[in-house]
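**Student:** Encoded as structure tokens, here's the structure I'll be asking about.
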Amino acid sequence: MAKIVFSMAASHTPMLTLEGKRWSERAADDLKNKALNLSDGRYVSYDELARENGAPYADVATEEKFLEIEAATQKALDRMADELEKAAPDVVVIVGDDQAELFSLSNMPAISIFYGEEMLTHKRHIGPQTPSWVGAVMKGYAMDDVYAFPAHPDFALELIHGLIDNDVDIGAAAKVDDPLKAGFGHAYGFIIDRLFRGKSIPVVPVLLNTYYPPNAPTARRAYDIGEKLARLISSSPRDLRVAVAASGGLSHFVVDEKLDRKVLDAIRSGDAATLRGLTRGELNSGSSEILNWVMVAAMSQGLKNDWSEYYPGYRTPAGTGTGMAFATWK
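The numbering of the sequence shown is my numbering, which starts it at 1194 and goes up by one.
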């Protein structure tokens, strides 16, 4: 019988693929952002955010603090890679969000599972107007070239059929037509490149549309489907050690420590009501990747959330950045 033996969740912000001394380059783009999402559902420009917040994070949005957080977060990622290696899974189910990398607005399923033979990553075009930091980030996302990673079509098909039989109208994808135009993106490339340590472990990608209205799943829906996926995995006749991974989050592009700690506390205590009750306003733009954590938390109820760490990564004095978080269940 298949069994979930290990679960993990990790942020995948560019700050985790860039040297700390280069975080200021990413911060420079925040100053130009006209649509920074707040947890009350509003979108503001950086100037509006600064007028509203002032500059309460000026003392931590410094290179010295960047280097300190860089060291701590890389240590956390190393710990997760160690734990994944110990778990020795036969397959990893990665729950991530597709940001117009494989799908586009011509067809954006609310949730889809890939059942092809191999995942091909989307090579991101770097043009003369692309910010200098983007190239380094794409390398950390396995998007600086086209990479092929093994998938697990038989197990993926079993999950697709099972969800359909359990009244989940799941989307399905079986191939990447042209990875120079579309393919797997950052949510999947980061987990594989950073945590697999070169091992060829088959992956079942679960793709959530967290970013794009009007059909982004609710937190309630993400949790409920996660529970169904867990039951389907545990009832599978396949002899598989399964690991589950959530990729992304927590709050961004304005750090909301209160929201992030609420999510992590709910995961730690098994508070399904709080996770299912996260609002649309709390899950806009980058913060929507919290849905990936919600789904994996629901899939991991048979395990214990034994470890988590959190670093509010403020990039600017007004508070833009990413709430960087890491967690495991065993």
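Heads up, the beta-carbon is just placed ideally off N, CA and C, and yes, glycines get one too. Bear in mind the structure is a predicted one, so any value in this text is a computation, not a measurement.
Tell me where the beta strand (DSSP E) around residue 1333 begins and ends.
**Tutor:** Looking up residue 1333 in the sequence shown gives position 140. Premise fails: residue 1333 lies in the alpha helix (DSSP H), 1326–1333, not in any beta strand (DSSP E).
**Student:** Quick check on residue 1425: buried or exposed, where buried means 16 or more other Cβ atoms within 10 Å of its Cβ?
**Tutor:** To locate residue 1425, count along the sequence shown from 1; it is residue 232. With 16 or more Cβ atoms within 10 Å of its Cβ, residue 1425 is classed as buried.
**Student:** Buried or exposed: residue 1479, going by 16 or more other Cβ atoms within 10 Å of its Cβ?
**Tutor:** Sequence index remark: in the sequence shown, residue 1479 carries index 286 (1-based). Buried.
**Student:** Give a yes or no on whether the C-beta atoms belonging to residue 1338 and residue 1316 are separated by under 8 Å.
**Tutor:** Counting from 1 along the sequence shown, the entry for residue 1338 is found at position 145. Counting from 1 along the sequence shown, the entry for residue 1316 is found at position 123. Yes.
**Student:** Touch check for the stretch 1504–1517 and the stretch 1228–1239: three-plus C-beta pairs under 8 Å?
**Tutor:** With a cut-off of 8 Å, the stretch 1228–1239 and the stretch 1504–1517 count as touching, because enough Cβ pairs lie within range.
**Student:** Find the nearest neighbour of residue 1371 within the set 1296, 1382 and 1330, judged by alpha-carbon distance.
**Tutor:** Working through the sequence shown from its first residue, we reach residue 1371 at position 178. The option with the nearest alpha carbon to residue 1371 is 1296.
**Student:** Excluding the 5 residues flanking residue 1498 on each side, which residues of the same chain have their C-beta closer than 7 Å to its C-beta?
**Tutor:** Reading the sequence shown from its first residue, position 305 is the one you call residue 1498. Here the set comprises 1460, 1461, 1520 and 1522.
**Student:** At which residues does the alpha helix (DSSP H) containing residue 1385 begin and terminate?
**Tutor:** For this step, residue 1385 is matched to residue 192 along the sequence shown. 1379–1388 is the extent of the alpha helix (DSSP H) around residue 1385.
**Student:** With a threshold of 7 Å on Cβ separation, who are the neighbours of residue 1557 within its own chain once the five nearest residues in sequence on each side are excluded?
**Tutor:** A question about residue 1557 goes unanswered here, because the residues of the chain that appear run from 1194 up to 1523.
**Student:** Could you check what DSSP says for residue 1250 in three-state terms: helix, strand or coil?
**Tutor:** In the sequence shown, counting from the first residue as 1, residue 1250 sits at position 57. Of the three classes helix, strand and coil, the one that applies to residue 1250 here is coil, per DSSP.
**Student:** What's the C-alpha gap between residue 1205 and residue 1379?
**Tutor:** Counting from 1 along the sequence shown, the entry for residue 1205 is found at position 12. Counting from 1 along the sequence shown, the entry for residue 1379 is found at position 186. Answer to the nearest angstrom: the Cα atoms are 8 Å apart.
**Student:** Using the Cβ count rule (16 or more neighbours within 10 Å means buried), how would you classify residue 1386?
**Tutor:** Here residue 1386 is taken as the residue at index 193 of the sequence shown, counted from 1. Answer is buried; the Cβ neighbour count reaches 16.
**Student:** Taking the continuous alpha helix (DSSP H) assigned at residue 1259, which residues delimit it?
**Tutor:** The residue you call residue 1259 lines up with position 66 of the sequence shown. First-last of the alpha helix (DSSP H) with residue 1259: 1256–1280.
**Student:** With burial defined as no fewer than 16 other Cβ atoms inside 10 Å of the residue's Cβ, what is the status of residue 1202: buried or exposed?
**Tutor:** As a position in the sequence shown, residue 1202 is number 9, starting the count at 1. Answer is buried; the Cβ neighbour count reaches 16.
**Student:** Measuring CA to CA, which of 1494, 1503, 1440 and 1504 is closest to residue 1484?
**Tutor:** The residue given as residue 1484 occupies position 291 in the sequence shown. Nearest option by C-alpha distance: 1440.
**Student:** Cα separation between residue 1430 and residue 1413?
**Tutor:** Numbered from 1 along the sequence shown, position 237 holds the residue referred to as residue 1430. Numbered from 1 along the sequence shown, position 220 holds the residue referred to as residue 1413. In a straight line, the C-alpha of residue 1430 is about 28 Å away from that of residue 1413.
**Student:** Taking the straight line between their C-alpha atoms, what separation do you get for residue 1329 and residue 1212?
**Tutor:** For the purposes of this step, residue 1329 is identified with residue 136 of the sequence shown, where counting begins at 1. For the purposes of this step, residue 1212 is identified with residue 19 of the sequence shown, where counting begins at 1. Computed Cα separation, rounded: 9 Å.
**Student:** Looking only at C-alpha atoms, which of 1445, 1493 and 1502 sits nearest to residue 1474?
**Tutor:** Indexing the sequence shown from 1 puts residue 1474 at position 281. Nearest option by C-alpha distance: 1445.
**Student:** Hey, quick one: how far does the alpha helix (DSSP H) through residue 1355 stretch, first residue to last?
**Tutor:** For this step, residue 1355 is matched to residue 162 along the sequence shown. That run of the alpha helix (DSSP H) goes 1346–1358.
**Student:** What are the residues that DSSP puts in a beta bridge with residue 1506?
**Tutor:** Reading the sequence shown from its first residue, position 313 is the one you call residue 1506. Partner(s): 1515.
**Student:** Could you give the distance in angstroms between the alpha-carbon of residue 1215 and the alpha-carbon of residue 1361?
**Tutor:** As a first step, residue 1215 is located in the sequence shown; it is residue number 22 there, counting from the start. As a first step, residue 1361 is located in the sequence shown; it is residue number 168 there, counting from the start. Whole-angstrom Cα-Cα distance: 43 Å.
**Student:** Apply the 10 Å Cβ neighbour rule to residue 1227 and answer buried if 16 or more other Cβ atoms are within range, or exposed otherwise.
**Tutor:** The sequence position of residue 1227 within the sequence shown is 34, counting from 1. It is exposed - the Cβ of residue 1227 has fewer than 16 other Cβ atoms within 10 Å.
**Student:** Tell me the residue span of the beta strand (DSSP E) that contains residue 1200.
**Tutor:** Translated into positions along the sequence shown, residue 1200 becomes position 7. Element bounds for residue 1200: 1196–1203.
**Student:** What residue does the beta strand (DSSP E) around residue 1440 start on, and which one ends it?
**Tutor:** Here residue 1440 refers to the residue found at position 247 of the sequence shown. Note, residue 1440: beta strand (DSSP E), 1434–1440.
**Student:** So, under 8 Å CB-CB, residue 1418 and residue 1306 are touching, yes? Tell me the CB distance rounded to an integer number of Å.
**Tutor:** Residue mapping note: residue 1418 aligns to position 225 of the sequence shown, counting from 1. Residue mapping note: residue 1306 aligns to position 113 of the sequence shown, counting from 1. Residue 1418 to residue 1306, Cβ: 11 Å. No contact.
**Student:** Is the separation between the beta-carbon of residue 1382 and that of residue 1346 shorter than 8 Å?
**Tutor:** Counting from one through the sequence shown, the residue named residue 1382 turns up at place 189. Counting from one through the sequence shown, the residue named residue 1346 turns up at place 153. Their beta carbons are not under 8 Å apart, which means residue 1382 does not touch residue 1346 by this criterion.
**Student:** Applying the 10 Å Cβ sphere with the 16-neighbour rule, what's the burial state of residue 1210?
**Tutor:** As a first step, residue 1210 must be located in the sequence shown, where it is residue number 17. Residue 1210 should be labelled buried.
**Student:** Consult DSSP for residue 1403 and reduce its assignment to one of helix, strand or coil.
**Tutor:** Indexing the sequence shown from 1 puts residue 1403 at position 210. Reduced to three states, the DSSP call for residue 1403 is coil.
**Student:** Could you tell me the boundaries of the alpha helix (DSSP H) in which residue 1304 lies?
**Tutor:** Taking the first residue of the sequence shown as position 1, residue 1304 is located at position 111. Looking at the DSSP string, residue 1304 is not in any alpha helix (DSSP H); the run it does join, the beta strand (DSSP E), is 1304–1307.
**Student:** Beta carbon of residue 1195, beta carbon of residue 1393: below 8 Å?
**Tutor:** Translated into positions along the sequence shown, residue 1195 becomes position 2. Translated into positions along the sequence shown, residue 1393 becomes position 200. Their beta carbons are not under 8 Å apart, which means residue 1195 does not touch residue 1393 by this criterion.
**Student:** Between which two residues does the beta strand (DSSP E) holding residue 1525 run?
**Tutor:** Lying outside 1194 to 1523, the shown extent of the chain, residue 1525 is not represented and no answer is given.
**Student:** Count the other C-beta atoms from every protein chain shown that fall within 10 angstroms of the C-beta of residue 1282, then say buried if there are 16 or more, exposed otherwise.
**Tutor:** Translated into the one-based positions of the sequence shown, residue 1282 becomes position 89. Buried is the call here.
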